[in-house]
Amino acid sequence: MSALSVEGLRVRFGSVEVLKSVDLAIESGEFIVLVGPSGCGKSTLLNVIAGLEQATEGRIEIGGREVTGVPPKDRDIAMVFQTYALYPAMTVRGNITFGMECRGVAKAEQQAAVARVAKLLQIEHLLDRRPAQLSGGQRQRVAMGRALVRDPVLFLFDEPLSNLDAKLRVEMRMEIKRLHQRIGTTMVYVTHDQVEAMTLATRIAVMNGGHIQQFADPQTIYDEPANLFVARFMGSPPMNALPAKLVASGSEIAAMVGPDAATAVPLPNATAAMKGWVGREVVLGIRPECITLPDGKQDTRPGPSLPATVEMIEPTGAETMALIRVGQSEVMARMRPDARPAVGSTASFAIDTAKACLFDPKTESRIA
Amino acid sequence: MSALSVEGLRVRFGSVEVLKSVDLAIESGEFIVLVGPSGCGKSTLLNVIAGLEQATEGRIEIGGREVTGVPPKDRDIAMVFQTYALYPAMTVRGNITFGMECRGVAKAEQQAAVARVAKLLQIEHLLDRRPAQLSGGQRQRVAMGRALVRDPVLFLFDEPLSNLDAKLRVEMRMEIKRLHQRIGTTMVYVTHDQVEAMTLATRIAVMNGGHIQQFADPQTIYDEPANLFVARFMGSPPMNALPAKLVASGSEIAAMVGPDAATAVPLPNATAAMKGWVGREVVLGIRPECITLPDGKQDTRPGPSLPATVEMIEPTGAETMALIRVGQSEVMARMRPDARPAVGSTASFAIDTAKACLFDPKTESRIA
Amino acid sequence: MSETAITMPGQARPARPVPRRSWLSEIPDLLTRIVAGVIATAAVGYVVGFTLWTVLISFTDSTLLPEYNFVGFKHYWQLLNSRIWQVAYLNLTIYGLGFILGATGVGLLLAILIDQKIRGENVLRTIYLYPMALSFVVTGTVWAWLLNPTIGVEQFVRGLGWTQFKFGWLVDRDLAIYCVVIAAIWQASGFAMALFLAGLRSLDGDLYKAAAIDGASPARMYLRIMVPAIWPIVVSVLVILLQTAIKTYDLVRALTAGGPGIATTLPTNVVYDYMFQRGLMGAGSAAAVMLLLSLLIVLLPYAIFQRLRRGKGGGHG
Amino acid sequence: LAQAPATAEPRLTVISQWSAGSEGAAMDAFGKMVTEKGVKWEHSPVSGFTTDMMNKLRADIIAGRPPAASQLKGPEIKAWSAIGATINLNDVVKATDYEKNISADLAKIHKPKGDWIALPLQIYRVNTLFASKKAMDKIGATELPKTWDEFNALSAKMAAAGITPVAHGGIGWADTMYFELALAGISADAYRKAIMELDDKSLRGPEVLAAFKQLRQLTKWMNPANAGQHWSVFLPALMKGEYGFLMMGGWASGVLKKGNFEEGKDFLCGATPNNTGKPVFDMNADGMIFWDTKNADLLAGQKATAQVAMSKEFAKAFTQINGSIPVRTDIDLSDAGFQDCQRDAAKNLSGAIAANQAIMSLGHNMAQTSPVTAALRDVLTEYVHNDKITPEEAQKRLADAADTVR
Amino acid sequence: MVEARSLSALGSRALLYAILIAFAAFYLTPLIVVILNSFRSFQEITQTSVLGFPQQFRFDNWAQAWGSYCIAGICSGIKPYMWNSLMIAIPATLISTLLGAMNGYLLSLWRFKGANLIFGIITFGVFLPAQMKLVPWAITLRNLDLSNTVTGLILIHVVQGMSFTTLFCRNYYVNVPQDLIKAAKVDGAGFLQIFRRIILPLSPPILIVTVIWQFTGIWNEFLYGITFSEGSARPVTAALMALSANIAQAREYGIESASVLIAALPTLLVYLFGGKYFVRGLTAGAVK
Ligand SMILES: Nc1ncnc2c1ncn2[C@@H]1O[C@H](COP(=O)(O)OP(=O)(O)OP(=O)(O)O)[C@@H](O)[C@H]1O
Ligand SMILES: Nc1ncnc2c1ncn2[C@@H]1O[C@H](COP(=O)(O)OP(=O)(O)OP(=O)(O)O)[C@@H](O)[C@H]1O
Ligand SMILES: [Mg+2]
Ligand SMILES: [Mg+2]
């Protein structure tokens, strides 16, 4: 069954078109993550789904029911906000029960629901505190509790973790993931943290400028980005994009990223479409983790290698990042933690081209 | 020459002792990063060095000169604040020249200095704007400019990047690193971002509860943490800490993390001190990146392996994290991006014990 | 460390003079701090000094001018037992409650109504706020005209043909105090409205969305969520109105002159009456001190509440 | 602030609350006469209420620089002269026949310790009754009521004819005034004893009770809707015959004159009802007190001003403007500048002095110092506006109030 | 269903505007009455009621009130007194605002022991009734040799005003990040320099509040204005009083109305043009 379906949605604020024909069809039980740069319309889309903003055009169905004109409270949704929007003057319990109170649910039933949710989120001991007396993570949990207690068809999350510090974010992310696995409700989740998107989503919708750029499962988004925007947006550090020229060497083709043949990166998995670009300018996309510095011991995988000057290294403990210069381009490489190429030296970097992508430099679309 | 030396520093606010005997000796040209949890006294230490708070006890020298009683402006320091603390009513130029104006520097000299710094930071085009008209990154640059223009003996940074979004943070981090490489001034830098600490510091001081827990270069901090606190604090996800029993098997010793011998993790680099703990309870510390799932193809390094149940996996694109259960403990493993062990299955994880650490479960200090 | 370590500049930097300036250059700064201190002290001294002086005088038998023959608590007992003081206090209670609750209520209602994305908001806000610009004397005078049965609204309505119309609150000894309340509300409710409105506007927009999803009716949404959320503003408004209520004097003088009879006399009128009309400065001071004491009874709990709130670390606000 | 040279021209600084209207004009006339004597007249009126003027005076006394002269009246002269030094006018007064030609009671007030320190400027008859000609005509009455019984009878007729018999506003002082008129009309002696001397026995005596009863009667003839209003508000309605009587000091005739109403045609004017048979005069006399100064120019100015204030010319000029009557009893009021009402009042005054029935007004701060007046006033004004208080209860309260302030 | 909903929405919208407009009428009535009366004659008002449309617009009330009404034999209306009020209100407003800002700065940003106590005491000054302070002021002015001077009046308004201005400014400055002060100290700025260069430029929102509040308060004040001024140096409130009830006079509603309007004009204008900023700044400062 389709939990949410959005068709031809347009939203205009005054003269600005914030959403330009958005289509989404989401199956029941999915965890959809909306990502995109600031201002691309993520919150607007969520608000329109929730009924908090009016669509200019288009059709929305929630749980198979058309909801145009249905007020938010009757849409069978729950929403968690970036700022949590906890009611400051109510206790945690009051925050959680307020919705039920408004709907006239019996007191006993309310208490039972609170107990259930509080147990689930382990906030039993906080029920009588006020939001101001809670830490960021606790507030986040309460906001979740308020949504959970509704037991809706659809959960909407608008950057629910962005106000937390890095450590807490990781924890809460896992909790949300567990929660979804447990309750199985459909979720639409906005974030601009790629890791969140990658780890939580069953499918990711990458938005930009009011359009959905790609809507696919995380692996596809990561490995086969629809265009340069998606490629650069997902992954941190982002995918390296090198201007290159496609050359054919025998049956194989290679991307020449520098002036001479020594800089040709062979592309073993070339498709027919790619072959059509031989002789033309392309953009070669390679993820940093595909560029490594073999230590000659354990890591001995064969493959093409590229000489490059090391411009800067950043050991983070768990890995070492290097900024290297390949031809005209600065490229990020992701190396083993103990790799320590000297800054300024030239080393031969191993390149795993299995997942390399080619993009049309004009349209920026991937050359499939 | 010692750029900064702090001896026996104590700071008490009312009845609370915020800093408890802090000693630091910093050589000229170093980049010292102070890390520690919130409230551990990092800002206080910085403020005392700057002369903005009074020490209760202890002695501070900057550039070899005792500075007790010397007001901030005469300490030959510059400081960058978390909130940037740009003067809202002044233009960027005014912000940068204000200090010189206060010190009565000639107009022409001021302009020359502004020009130099603006060029260095590429903010020439912003000089006539006000802080409110700048983006986060630009504000950060201006704050840096204001500090740089002083050309001090010592730079103090109090979480200068924590107000920026992730992407910008990475860029600015690199910029600061380059800057330090270029001007070579001594810097003391507070953060609670481990990556910043690891990548920027020549030495890291890890603080907790008003004490310096460890003061060493990043690699040492990461590989040989002085105690469990440091071990857990540095690195994300943090080092796994497993309760274990140290057993001897022949000349080698091993840490038994589960009930039976199958869970014994051999420790090849055992020191004499470790051997003294044979038969006793210890805490085994292993970094997530040392626990991997061999794919049997390229990654074929030999070594001990441990059977574990996969509880959750998180593919982030560039790598895949797995939460696995080893005996009673939940452990994080960091795997290749394409590793996809089934959740709930039991797999044999490879453990790189070269960098494993042992901790005394009582004192939490590392068993050297 | 010893002399040996005098600023040896770092490798790449040129030698620079030790930037230690003479203590003389600190003087202007020191001086301004002293001046600032003196100003603050003056402000404190004024409050403490004048208050203590009044307390002192309240124990003396001063008449037209301060004198220092002490009579103990005589004035206090006499006042507490005097009819006019009892009436005045009762009036202050009625007026204070009526005015504070009325102005807050009207202000809140208007703020909430204006918050509904209405047209002409600026004009309405200005209309509601302008009475703040007027003095209580003017307010009192004009309302005295309007409420006066012989020349005001009553006469006007009768002139329109409804000859039996009656609106005699101002001259009814039981209702006149409510005329004072109405005039005071007229003057101050716009101010309350403006503060509440600004408070509502400063709230996180997500709060409205959350309430909409929870299905709260507008009334419930404002009463249960928004107003409690701007509670600090509500308290500020209450305190400002309280201070106005306690000090109200000219309004009564211009509107009812304390009458009919002594039906609308307020404690400040009594203070003024005793100090200046009757020339009983000692008794007048005692009245003023009692007024301040009753104020403390209201304010101290507020101060404690503030302290607790801050102590609990409710963050900002 | 600098000391003026001794040879400087005479000068007088004076404060009063008479800033505008007929009183302001009278003050200006006074100023002109003084100026003609070569004195520089520096009048700074403290407009508003009397207390405001007093506050100003107090502040100036505290500052150690009171004005050379200020408006002050009744027992306040004594009270205030205790806190600020005054000059001795004995020589100036004794040099004229002034003292012989004024009321002894009045004189006493202006020389509280035996020495002249202040001078009365004018007298108002408080017990003046204004009757609406139209209302009188309607019930066929031609003459003002002489006694309270007559008054009550006429009022009853008016009430029956749909006229509100008494036009009364009801601000504290006016309520007090109605009581004193009732009492003075019942027994001037009782008034003198009870109110001016605060004699407890008299306060609790039958005359006072009778006065309260008469006052209650009066309140029943008032329009309750008029409470808290200035008396002048009712003048037009009074002239139209909607009201019957107004009891108000002589100053009301000045206002009527300004409103182009004529005595005899629009209203009648005379003394308030009086059961005693002999003339009663309830006096409200404003005075001017002269404060001590070191400045020779001011001293000279004070002396010259005092001479003017005692003169017959002044008496005429001043009172013609504001509707009061001269302090001096030897002034001929036949002059066209005076109204009949003033002439009547002046005659009344001489008669009352002769009969020893010239009394001092309580409502206008002539009978008692202000603390006493205020204490009594609180009782009286409440009584007027609260008909649940019985005359007996009110009498008790009044006597008790007198106890606490005596 | 949909139609019914929109109808009820329309209805509640209409009700909303009805209430707002009713209140607007409530607030405007007194002003309109005064304006209309200022064009009516004495006779016209006393013969009907104070509510009424002028039978014929007369401007002589305005002319009299402004330029020819006699106060103490000087027939200059309230014109010269307006000037006096300005001479008192403007300096007193500016100085008390500046000192309040200074105090607020001192108390909030240079945190020292007892700052909160001092603040509490100064704030308490807000509640002191004016009557209570009249005589102490008289004594103080005498001791300072400032009796009956404009300076004395300004002093009074400055000192009394400081309670309010300090309250407003302190509550505003508490929200200024302490880091700003630290940065300036590192830059070498002194106490006054930080105030002048960094804090003051941040202050317009709250300064507007205090200026409006103080100006209105001082302009409308009359007890001190009458008591501590002399002769032709009186503030306009004193002149207004000369018009209102006097025992021996009838009220000149027309002239009174015109004078009230003239005298209230400066403060009305201040609210008309500054009202928006007043509210904005007040919320910034009052919430604490
Ligand atoms: N009510 C509104 N009126 C006018 N423009 C609006 C309104 N709400 C949003 N916008 C504009 O619509 C665009 C999309 O806003 P939206 O909040 O959906 O972005 P977002 O993707 O959620 O961004 P962020 O990541 O910063 O939250 C922005 O340019 C915003 O300025
Ligand atoms: N002026 C002060 N008076 C009293 N306590 C203070 C003061 N300044 C700081 N503290 C306390 O001292 C402790 C250390 O504060 P500090 O600001 O140095 O922490 P920090 O390590 O910088 O934390 P964060 O990472 O949150 O910035 C905290 O518990 C704080 O509450
Ligand atoms: Mg958003
Ligand atoms: Mg800090």
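Protein sequence lines, in the order shown, are assigned to chains A, B, C, D and E. Throughout the first sequence, residue numbering follows the numbering used here, covering -9 to 358 in sequence. Throughout the second sequence, residue numbering follows the numbering used here, covering -9 to 358 in sequence. Throughout the third sequence, residue numbering follows the numbering used here, covering 364 to 680 in sequence. Throughout the fourth sequence, residue numbering follows the numbering used here, covering 2 to 407 in sequence. Throughout the fifth sequence, residue numbering follows the numbering used here, covering 31 to 318 in sequence. The beta-carbon is built from N, C-alpha and C at its ideal position, and this holds for glycine as well. If you're wondering where the values come from, they're calculated on a predicted model, not measured in any experiment.
Euclidean distance between Cα positions of residue i and residue j
i: Q190(E); j: A268(E); result: 20 angstroms
i: L158(A); j: F349(B); result: 25 angstroms
i: R0(A); j: S28(A); result: 18 angstroms
i: K279(D); j: A347(D); result: 15 angstroms
i: I22(B); j: E304(A); result: 16 angstroms
i: V266(E); j: L291(E); result: 12 angstroms
i: G134(E); j: G522(C); result: 56 angstroms
Own chain, CB closer than 6 angstroms to residue i, minus 5 neighbours either side, in chain order
i: R583(C); result: none
i: L297(A); result: The question names Leu, yet the displayed sequence has Pro at residue 297(A). Cβ neighbours of P297(A) beyond the five flanking positions: T336, S338.
i: S104(D); result: I354, A359
Heavy atom of ligand 3 within 7 angstroms of residue i beta-carbon
i: D148(A); result: yes
i: K572(C); result: no
i: S33(A); result: yes
Own chain partners of residue i with C-beta closer than 8 angstroms, once the 5 adjacent residues on each side are dropped
i: F131(D); result: L239, F246, L247, M248, M249, A253, S254, L257, F268, L269, C270
Short Cβ contact (8 angstroms threshold) for residue i with residue j
i: V178(B); j: V196(B); result: no
i: A30(D); j: A318(D); result: yes
i: I164(D); j: G115(D); result: no
i: L183(E); j: I118(E); result: yes
i: R131(A); j: A308(B); result: no
i: A70(D); j: W292(D); result: yes
i: N230(B); j: I173(B); result: no
i: L(-6)(A); j: L144(A); result: yes
i: S421(C); j: S648(C); result: yes
Same chain, Cβ closer than 7 angstroms to residue i, five either side skipped, listed in chain order
i: L36(B); result: L146, D148, V178, V180
i: A238(B); result: V268
i: L45(E); result: none
Near ligand 4: residue i beta-carbon under 7 angstroms from a heavy atom
i: K212(E); result: no
Check: residue i C-beta below 7 angstroms from any heavy atom of ligand 2
i: S138(E); result: no
Cβ-heavy atom distance, residue i to ligand 1, below 7 angstroms
i: V8(A); result: yes
Against chain D: residues of the segment 142 to 166 of chain E by CB proximity under 8 angstroms: Contact annotation: in the segment 142 to 166 of chain E, residues whose CB is within less than 8 angstroms of a CB in chain D are L164, V165.
Contact list for the segment 199 to 222 of chain E against chain F, Cβ threshold 7 angstroms: Looking at the structure shown, chain F is missing, and the protein chains on hand are A, B, C, D and E.
Interface residues of the segment 548 to 572 of chain C facing chain A [CB-CB below 8 angstroms]: So the list reads D567, D569, L570, K572, given in the order they occur along the chain.
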